[in-house]
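Below is one structure, written out as structure tokens; comments come after it.
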Amino acid sequence: MVADAAHERTLVLVHGAWHGAWAWELLVPQLAARGWRTSTVDLLSASGDPEAGMYRDAEVIREHLAGIDGPITVLAHSYGGLPVTEVAATVPRVTQLIYLAAHMLDVGEYVLGPTGGPWFDPEETPLLPVPDSSTVLMYADVAADVAEAAVVRLRPQSSLSFLEPLTRAAWRRLPSAFVVCDEDRIFPPVLAETLPPKADLVRHMPTSHSPFLSQPADLADLIGEISAELAALPDKISS
Numbered sequence: 001m002v003a004d005a006a007h008e009r010t011l012v013l014v015h016g017a018w019h020g021a022w023a024w025e026l027l028v029p030q031l032a033a034r035g036w037r038t039s040t041v042d043l044l045s046a047s048g049d050p051e052a053g054m055y056r057d058a059e060v061i062r063e064h065l066a067g068i069d070g071p072i073t074v075l076a077h078s079y080g081g082l083p084v085t086e087v088a089a090t091v092p093r094v095t096q097l098i099y100l101a102a103h104m105l106d107v108g109e110y111v112l113g114p115t116g117g118p119w120f121d122p123e124e125t126p127l128l129p130v131p132d133s134s135t136v137l138m139y140a141d142v143a144a145d146v147a148e149a150a151v152v153r154l155r156p157q158s159s160l161s162f163l164e165p166l167t168r169a170a171w172r173r174l175p176s177a178f179v180v181c182d183e184d185r186i187f188p189p190v191l192a193e194t195l196p197p198k199a200d201l202v203r204h205m206p207t208s209h210s211p212f213l214s215q216p217a218d219l220a221d222l223i224g225e226i227s228a229e230l231a232a233l234p235d236k237i238s239s
């Protein structure tokens, strides 16, 4: 597919907990075929450093965004929604946000807040191990060989990243969309149900938590549709 003027923007992809930029390897070629320029970020919270929390991840994202010319759409998956929400509105070239089965929370909230707080002692568990049931929780509809290859690349996540609260909410200032994965087994349904008042657009995919691995072509199509719809929305008033 030939690129058009709408794709003079860059799509920045921000992965979720336990993952890395490798998570987008199947999606990026599909996006490129549709005319997108893409850029990926590796978050420090899954690097094995227990001191790398959400705020450190947000700073990594901010520095990455600041180095990109032209308009930017940011797509965040799962936990990645937190540091994106924290920092995206501080970079003027960011004009759109897409939350893919991601935490879309408000100032003062953190990953584990809506679920009743941590199930672990942060002092005794500075790094959260990869979930034992990762395949079932995150890759239920992913081809077996692709899921197996993904699981072996997962890394422990800093517990601090799940506990640091937001000080900003970028979706209040930027047009945003939320993609609900209808067969998601890890993202609590109660969180998705609270999103319509926050997101300007809500769309659905009939997938589990990781459509970038199970249905990358369909996800790429949906991203294009969402970006066009967000571009047609009136500008939000800066708060």
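Note that the UniProt record's numbering has the sequence shown beginning at 1, numbered continuously upward. C-beta atoms are modelled at their ideal positions from N, C-alpha and C, and glycine is treated no differently.
Sub-9 Å separation of residue i and residue j beta-carbons
i: Ile61; j: Ala88; result: yes
i: Pro165; j: Val84; result: no
i: Leu174; j: Thr95; result: yes
i: Tyr99; j: Ala169; result: no
i: Ala220; j: Arg34; result: yes
i: Pro126; j: Leu160; result: yes
i: Asp184; j: Ser214; result: no
i: Ile72; j: Val41; result: no
i: Leu43; j: Ala32; result: no
i: Phe212; j: Leu26; result: yes
i: Val74; j: Leu11; result: yes
i: Thr167; j: Glu86; result: yes
i: residue 263; j: Glu8; result: The chain is shown from 1 up to 239; residue 263 falls before or after that span and cannot be answered.
Status (buried if at least 16 other CB within 10 Å, exposed otherwise) for residue i
i: Ser133; result: exposed
i: Pro156; result: buried
i: Glu225; result: exposed
i: Val136; result: exposed
i: Glu124; result: exposed
i: Arg93; result: exposed
i: His204; result: exposed
i: Leu233; result: exposed
i: Asp121; result: exposed
i: Met1; result: Interpretation of Met1 is limited by its pLDDT of 35, a score under 50 that renders its predicted location unreliable; no figure is taken from the coordinates.
i: Arg56; result: buried
i: Asp235; result: exposed
i: Val152; result: exposed
i: Gly80; result: buried
Simplified DSSP assignment, three categories, for residue i
i: Ala199; result: coil
i: Ser227; result: helix
i: Ala23; result: helix
i: Val2; result: Because Val2 carries a pLDDT of 35, less than 50, the predicted location of this residue cannot be relied on, and the following value inherits that uncertainty. Residue state, collapsed to three classes: coil.
i: Ala177; result: strand
i: Ile146; result: Note that residue 146 corresponds to Val in the displayed sequence, not to Ile. Helix, per DSSP.
i: Thr10; result: strand
i: Ser210; result: coil
Nearest-angstrom Cβ-Cβ length linking residue i and residue j, presumed shorter than 8 Å
i: residue 244; j: Trp24; result: Here the chain covers residues 1 to 239 and nothing more, so residue 244 does not appear.
i: His77; j: Ala46; result: In fact, because the Cβ distance is near 12 Å, the residues do not count as touching under 8 Å.
i: Leu97; j: Trp171; result: 6 Å
i: Leu105; j: Leu82; result: 7 Å
i: Val146; j: Val180; result: Val146 to Val180, Cβ: 22 Å. No contact.
*asked:* Going residue by residue through the region 85 to 129, where are the continuous beta strand (DSSP E) segments of at least 3 residues, counting only ones entirely within it?
replied: 94 to 100
query: Which ranges would you report for the beta strand (DSSP E) in the region 29 to 92 if only whole runs of at least 3 residues count?
result: 37 to 41 and 72 to 77
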